[in-house]
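Following: one structure in structure tokens, then a few remarks.
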Amino acid sequence: MYTTNPSFFSLIIIIITTILITPSESSTDTFVFGGCSQLKYSPGSPYESGVNSLLTSFVNSAMFSTYNKYTIPATGGAPNLYGLFQCRGDLGNDACSRCVARAVSQLGTLCTDSCGGALQLEGCFVKYDNTSFLGVEDKTVVVKKCGPSVGYDSDALSRRDSVLDYMTSNSGAGAGGLYRVGGSGNVQGVAQCVGDLSQSECQDCISDAIQRLKTECGPASWGDVYLAKCYARFSEGGAHSHGGSGGKYLETSEMKVGIRREKKTNEQREKEIDIKRLFLLPTFSLI
């Protein structure tokens, strides 16, 4: 019923660079990243029926809730199926349901016949797999992107660190929650955990993501770090622009990883988005 690949645990990852602006202003359906397992199910199998049912449940539930998780028991020889969706914490049900519907549509196209798949849009995240990932903390880097350097500016760095420290803190409005925002001057930040994490796991994950932003993005004008179960982002001046073109794919015996190279303006040097190594869970995971 199920066909396996020599690279049983590998994924094909697609990274698309687009115009990204701060979370409150961005288009909720802008593509961030997506991935599919290379383990395939047979068309017409019970597992396909389960996947279709699960994705339909995502869309229906998103009309009333911004987060939900599911376990579909094994039937007809198919393995258990696990999945969740989550919308950005500032979205209402209407925007959430539209985002999830778009994500499910794109995931169906991206991951045709795949036993596992995940897709992150600006406004929502959807994932399913035949091995449970629910409630499992995972801080592996999925995507790291840093904007151009603005040079050493102690005031700008102080504002950035104030925003990031506020989102890390367990005190203050919204602190310690799954969705956190902060602002200081023209610097804005946002962080969010996947809803299946406990409060302590969320705190640990966001702290790790924010520390990576500080150390790896340096004096950048913006930065995004997506870990397996959380993300943290900041921007200065209200926008980040990921323009440019050109790209390549690198392939090893374990994985295929999409690398996008961007050409900047005359004031910017050429940079490469650093797409980290796939983090491997049984049968499915993301980079």
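With mature numbering (1 follows the signal peptide of the UniProt record, and there is no 0) applied, the sequence shown corresponds to residues -26 to -1, 1 to 261, in that order. Ideal Cβ positions, reconstructed from N, Cα and C, are used throughout, including at glycine.
Same chain, Cβ closer than 7 Å to residue i, neighbours up to 5 away in sequence not counted
i, result
"residue 69", "2 and 97"
"residue 156", "137, 140, 141 and 163"
"residue 190", "118 and 120"
"residue 76", "3 and 95"
"residue 31", "44"
"residue 161", "133, 134, 137, 208 and 210"
"residue 50", "20"
Nearest candidate by alpha-carbon position, reference residue i, set the options
i, options, result
"residue 53", "25, 152, 59 and 77", "25"
"residue 114", "10, 9, 14 and 202", "202"
"residue 133", "188, 7, 92 and 21", "188"
"residue 152", "143, 11 and 47", "143"
"residue 40", "94, 200, 23 and 99", "99"
"residue 78", "49, 33, 61 and 48", "33"
"residue 11", "81, 135 and 30", "81"
"residue 288", "13, 74 and 23", "No answer is possible for residue 288: it lies beyond the span of the chain, which begins at -26 and ends at 261."
"residue 159", "209, 185, 7 and 177", "209"
"residue 48", "60, 62 and 23", "23"
Same chain, Cβ closer than 6 Å to residue i, neighbours up to 5 away in sequence not counted
i, result
"residue 43", "58, 108 and 170"
"residue 207", "164 and 198"
"residue 240", "For residue 240, the pLDDT reaches just 34, beneath the cut-off of 50, and the residue's location in the model is therefore unreliable, leaving the point undetermined."
"residue 204", "167, 179, 180 and 183"
"residue 175", "111"
"residue 200", "116 and 117"
"residue 186", "199"
"residue 62", "97"
Neighbourhood of residue i by C-beta distance below 8 Å, restricted to the same chain and skipping five residues each side
i, result
"residue 123", "192, 193, 194 and 195"
"residue 21", "-26, -25, 15, 52, 53, 55, 89 and 104"
"residue 38", "67"
"residue 28", "44, 46, 55, 57 and 102"
"residue 71", "33, 36 and 37"
"residue 135", "188"
Heavy atom of the ligand COA within 6 Å of residue i beta-carbon
i, result
"residue 173", "Only the bare structure without any ligand can be found here, which leaves the ligand COA out of the picture."
Boundaries (first-last residue) of the alpha helix (DSSP H) holding residue i
i, result
"residue 3", "Note, residue 3: premise wrong, no alpha helix (DSSP H); not H, not E."
"residue 54", "Unbroken run through residue 54: none, as it is neither H nor E."
"residue 28", "20 to 35"
Residue range of the unbroken beta strand (DSSP E) whose run includes residue i
i, result
"residue 82", "Taken as a continuous stretch (DSSP letters only), residue 82 belongs to no beta strand (DSSP E), being part of the alpha helix (DSSP H) at 67 to 84."
"residue 12", "First-last for residue 12: undefined, no H or E at that position."
"residue 101", "98 to 103"
"residue 49", "Note, residue 49: premise wrong, no beta strand (DSSP E); not H, not E."
"residue 120", "115 to 120"
"residue 126", "First-last for residue 126: undefined, no H or E at that position."
"residue 209", "204 to 210"
"residue 95", "91 to 95"
Touch test, the stretch 104 to 111 against the stretch 166 to 175, Cβ-Cβ under 8 Å, three pairs minimum: For the pair of segments examined, the stretch 104 to 111 was found to touch the stretch 166 to 175: the number of CB pairs separated by less than 8 Å reaches three.
Inside the stretch 131 to 199 only - alpha helix (DSSP H) runs reaching at least 4 residues: Listed in chain order, they are 173 to 191.
At least 3 beta-carbon pairs within less than 8 Å: the stretch 82 to 94 vs the stretch 127 to 135: No, the stretch 82 to 94 does not touch the stretch 127 to 135.
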